[in-house]
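Note that the protein sequences, when read in sequence, are chains A and B.
In this text, residue positions in the first sequence follow our numbering: the first is 1, and each later residue adds one.
In this text, residue positions in the second sequence follow our numbering: the first is 122, and each later residue adds one.
Positions of the beta carbon are idealized from the N, C-alpha and C atoms, including for glycine.
Every value quoted in this text rests on a predicted model; they were computed, and no experiment measured them.
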Amino acid sequence: EVQILESGGGLVQPGGSLRLSCVASGFTFSRYVMGWVRQAPGKGLEWLSSIGGGAGTTYYADSVKGRFTNSRDNSKNTIYLQMHSLRVEDAAVYYCAKARHGGSYRDPDNWGQGTLVTVSS
Amino acid sequence: FMLTQPHSVSESPGKTVTISCTRSSGTIASNYVQWYQQRPGSAPTTVIYEDDQRPSGVPDRFSGSIDFSSNSASLTISGLRTEDEADYYCQSYDSTIWVFGGGTKLTVL
């Protein structure tokens, strides 16, 4: 059974930094693209970043490019989202998701339960 | 490209409802479309993938299709139940980017 668990959310001041973690199990982690998606309160889903399974090639939405860094440690079945220069509009539930097919960036199938990031002074 | 969904739909228990997802540019058939259900306070779960495929465990009351003439995908839920009340998101991809529709709130009155 695939399990995905995010952690690291919390309250941070505008301009601050936070690192989210996502640990996964139940599949061959290193073979799969993993992604981050967020959902602001009362809003829809917004893709932020994806990272390839092997070499870990990363892609970012324009809204976070240059501020967020997606990385992975396949030995720990974990991906990370390092967030800098946080803004009030970054406040959201952050989800980690596994791509449906190994090696493909096409679409997510399994999602974690999310971790809440609050940006406020 | 963008995916546009109606903001909300409502229907009675036992009836059938269809939620549309219109692609703004490019052909709807160019890339598979997925549908996710999100109940309040929960993470999204897949109800349809690759246009019309149902994951195991999803009842056959849920079906997906694409329409070339309107350049859109549709999620149809038949025999509506109160537990189907949720937000539904369509999703496709542009190379390595996951593109989501704005979501449709389904109310089962």
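Quick check on residue i: does DSSP put it in helix, strand or coil?
| i | result |
| --- | --- |
| D62(A) | coil |
| K76(A) | helix |
| D188(B) | strand |
| E132(B) | strand |
| T148(B) | coil |
| R182(B) | coil |
| F122(B) | coil |
| E46(A) | strand |
| F221(B) | strand |
Using CA coordinates, which residue listed in the options is at the minimum distance from residue i?
| i | options | result |
| --- | --- | --- |
| R31(A) | Q113(A), H101(A) and D109(A) | H101(A) |
| I79(A) | R106(A), A97(A) and A91(A) | A97(A) |
| V168(B) | A61(A), D90(A), N110(A) and L116(A) | N110(A) |
| P108(A) | I218(B), I149(B) and K226(B) | I218(B) |
| S131(B) | A207(B), D215(B) and V220(B) | A207(B) |
Can you pull the chain B neighbours of residue i, defined as C-beta to C-beta under 9 angstroms?
| i | result |
| --- | --- |
| P108(A) | Q155, Y157, P165, T167, Q212 and W219 |
| R38(A) | Those do not exist, as R38(A) stays about 11 angstroms from chain B at its closest Cβ, beyond 9 angstroms. |
Give me the chain B residues within the contact set of residue i, using Cβ-Cβ distance strictly less than 8 angstroms, ordered along the chain.
| i | result |
| --- | --- |
| S71(A) | Simply none; closest approach about 16 angstroms. |
| L116(A) | Here the premise fails: no neighbours, minimum Cβ distance about 11 angstroms. |
| G35(A) | W219 |
Label residue i either buried or exposed according to how many other C-beta atoms from any shown protein chain fall within 10 Å of its C-beta, with 16 as the threshold for buried.
| i | result |
| --- | --- |
| Q3(A) | exposed |
| T115(A) | buried |
| R38(A) | buried |
Nearer than 8 angstroms: is that true of the beta carbon of residue i relative to any heavy atom of the ligand HEM?
| i | result |
| --- | --- |
| S120(A) | Only the bare structure without any ligand can be found here, which leaves the ligand HEM out of the picture. |
Just the chain B side, please: which residues come within less than 7 angstroms of residue i by C-beta, in chain order?
| i | result |
| --- | --- |
| L5(A) | Those within 7 angstroms of L5(A) in chain B number zero; the least Cβ separation is about 11 angstroms. |
Which bits of chain A does residue i rub up against, with CB to CB less than 9 angstroms?
| i | result |
| --- | --- |
| Y170(B) | R100, D107 and D109 |
- If you pair each beta-carbon of the segment 209 to 216 of chain B with each one of the segment 154 to 164 of chain B, do three or more pairs fall below 8 angstroms? With a cut-off of 8 angstroms on Cβ pairs, the segment 209 to 216 of chain B is in contact with the segment 154 to 164 of chain B, counting three or more such pairs.
- Would you call the segment 128 to 143 of chain B and the segment 185 to 197 of chain B touching, i.e. three or more CB-CB distances under 8 angstroms? Result yes; three or more Cβ-Cβ pairs closer than 8 angstroms.
- Segment contact, 8 angstroms Cβ cut-off, at least three pairs: the segment 62 to 78 of chain A with the segment 34 to 52 of chain A: Taking a cut-off of 8 angstroms for Cβ pairs, the segment 62 to 78 of chain A and the segment 34 to 52 of chain A touch, as three or more such pairs fall below it.
- Within the chosen definition, does the segment 13 to 20 of chain A reach the segment 75 to 90 of chain A through at least 3 CB pairs nearer than 8 angstroms? yes
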